[in-house]
Amino acid sequence: MASISIPARGEAHANLRPLNILRDLPHVADLIELCFSSTMDSESQQYIKDMRRAGHDNSYLQWISRTAETTSLPLTGYVWEEDGKIVGNASLIPFKHKKQRVYLIANVAVNPDFRRRGIARALTERAMIHAREKKADSVWLHVRDDNPGAVKLYTDLGFVERARRTSWQSSGDATAPQLQTDISVTKRHSRWWFTQQNWLSRLYPDHLAWHRNWGFNALRPGLWNWFYLLFVDMNICQWAAVKGEKLEAALSWVPSGRAESIFIAAGPRSDPDAVTALLLHIRRVLFYNRYLSLEFPSGEFDQAIQKAGFKSMRTLIWMETGKATS
-3 MASISIPARG EAHANLRPLN ILRDLPHVAD LIELCFSSTM DSESQQYIKD
47 MRRAGHDNSY LQWISRTAET TSLPLTGYVW EEDGKIVGNA SLIPFKHKKQ
97 RVYLIANVAV NPDFRRRGIA RALTERAMIH AREKKADSVW LHVRDDNPGA
147 VKLYTDLGFV ERARRTSWQS SGDATAPQLQ TDISVTKRHS RWWFTQQNWL
197 SRLYPDHLAW HRNWGFNALR PGLWNWFYLL FVDMNICQWA AVKGEKLEAA
247 LSWVPSGRAE SIFIAAGPRS DPDAVTALLL HIRRVLFYNR YLSLEFPSGE
297 FDQAIQKAGF KSMRTLIWME TGKATS
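Shown next as structure tokens:
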């Protein structure tokens, strides 16, 4: 893996300082909302609310100030301040995955009135230096695909695209139409698990699992797994789309307490109508849900997902630079 090389121009800036979580969180939340509100899904909106709430909870702030480098929350980072106002931000979120230390640079945001002055570059460079100082094995970030200027900036800083994923969102609807097709939707049978697991591994790859533990073992059939899910009170629902005797796709619904997550398993040759049929089915079954969310590789079954009434919220390019060296 390539080393994390910090550009030579990464000089100190009087306006750049570390994030002070005891004081800055509400202001950073305002900045992030200003810059990204048009593409925020329900989970992102809740994230902003949590940040504001945390910024006014002194006991919580005292605790997180002592755990900023050990918990996977945006508690570390850097801000750009002018005339007492925070106009730029870059958060740093640490992760541990298979004994590797990973940092995610997130929430790189600059007030529109202060852009094209090199603030985003300076904040990103400082975050990269921080990761190097903490002996990170790799550094990641994600950027919207409709922001070519930011993509070029991160490419110039040594980041390489590793994945491109789209976030989709819809709502439950008891009147969602039935798809006229020869594909039938039924409960997921245990005999399909091996195929479903292989498809999930392809669509939700391990090299991104550091960021979100997919938790697909919970989808595994079997009595012991059923007892475990009963014990933890997790009501996972799974369906399969079948053409004749052939499995075309499977869908798993995992309630998370915020936006309810949908996981689609499908092969590269699966019938797109299978994906559409499953998504329409879950909209009818979960008609009482305001938010249903799906994250999926960009370009895979896009039209099938749209056909089921899901709206694309954003497409993110996931980029990585390599092992830190001193």
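Residue -3 is where the sequence shown starts when you use the numbering used here, and the numbers rise one by one after that. The beta carbon of each residue, even a glycine, is placed where N, CA and C say it ideally should be.
State yes or no: is the C-beta of Arg184 within less than 7 Å of the C-beta of Ala261?
-> Not closer than 7 Å, so no.
For Ile179 versus Asp269, is the C-beta distance shorter than 7 Å?
-> yes
Quick one, are the C-beta atoms of Ala102 and Ser87 less than 7 Å apart?
-> yes
Is it true that the CB of Asn285 sits closer than 7 Å to the CB of Gly168?
-> Asn285 sits close to Gly168, with the two beta carbons spaced by under 7 Å.
Among all the DSSP beta bridges, which residues are the ones paired with Pro293?
-> Arg161
Exposed or buried, Glu241, counting other C-beta atoms within 10 Å across all chains shown (16 or more means buried)?
-> exposed
Taking the runs of the alpha helix (DSSP H) that are 4 residues or longer, which of them lie wholly in the stretch 129 to 206?
-> 144 to 152 and 189 to 199
In chain order, what residues of the same chain have a beta carbon less than 6 Å from the beta carbon of His9, not counting five sequence neighbours either side?
-> Ala118
Residue(s) in a DSSP beta bridge with Ile101 | The partner list for Ile101 (beta bridge, DSSP) reads Leu88 and Leu137.
Cβ-based burial, Glu127 [other Cβ within 10 Å; buried from 16] | According to the sequence displayed, residue 127 carries Ala and not Glu. Counting Cβ neighbours within 10 Å, Ala127 comes out buried, since at least 16 surround it.
As assigned by DSSP and simplified to three states, the class of Ser266 | In the structure shown, Ser266 sits in coil (DSSP, three-state: anything other than H, G, I, E or B).
With respect to the beta strand (DSSP E) encompassing Ala246, which residues constitute its N-terminal and C-terminal limits?
-> Going by DSSP, Ala246 is part of the beta strand (DSSP E) stretching over Lys242 to Val250.
Rounded to whole angstroms, what's the CA-CA distance from Gln192 to Ala205? Just pull it up for me.
-> Whole-angstrom Cα-Cα distance: 18 Å.
Beta-bridge pairing of Phe259 - partner residues as DSSP gives them | Ser248
Assign Arg117 to one of three DSSP states: helix, strand, or coil.
-> helix
With a 10 Å radius around its C-beta and 16 neighbouring C-beta atoms as the bar for buried, classify Arg161 as buried or exposed.
-> buried
Leaving aside the five residues before and after Ala25 along the sequence, list all residues of the same chain whose C-beta is less than 8 Å from its C-beta, in chain order.
-> Ile44, Met47, Arg48 and Gly51
Can you pull the DSSP bridge partners for Lys239?
-> Lys242
Start and end of the beta strand (DSSP E) containing Ile313?
-> Unbroken beta strand (DSSP E) run through Ile313: Lys307 to Thr317.
Ala304 to Lys131 span [Cα, whole Å] = 45 Å
Residues near Ser33 in its chain [Cβ-Cβ closer than 7 Å; skip 5 each side] | Excluding the 5 residues flanking it on each side, Ser33 has no same chain C-beta neighbour closer than 7 Å.
For Ala320, the three-state DSSP class (helix, strand or coil) | Confidence is the limiting factor: at Ala320 the pLDDT is only 46, short of 50, which leaves the residue's position unreliable, though a coordinate-based value still follows. Ala320: coil per DSSP, three-state reduction.
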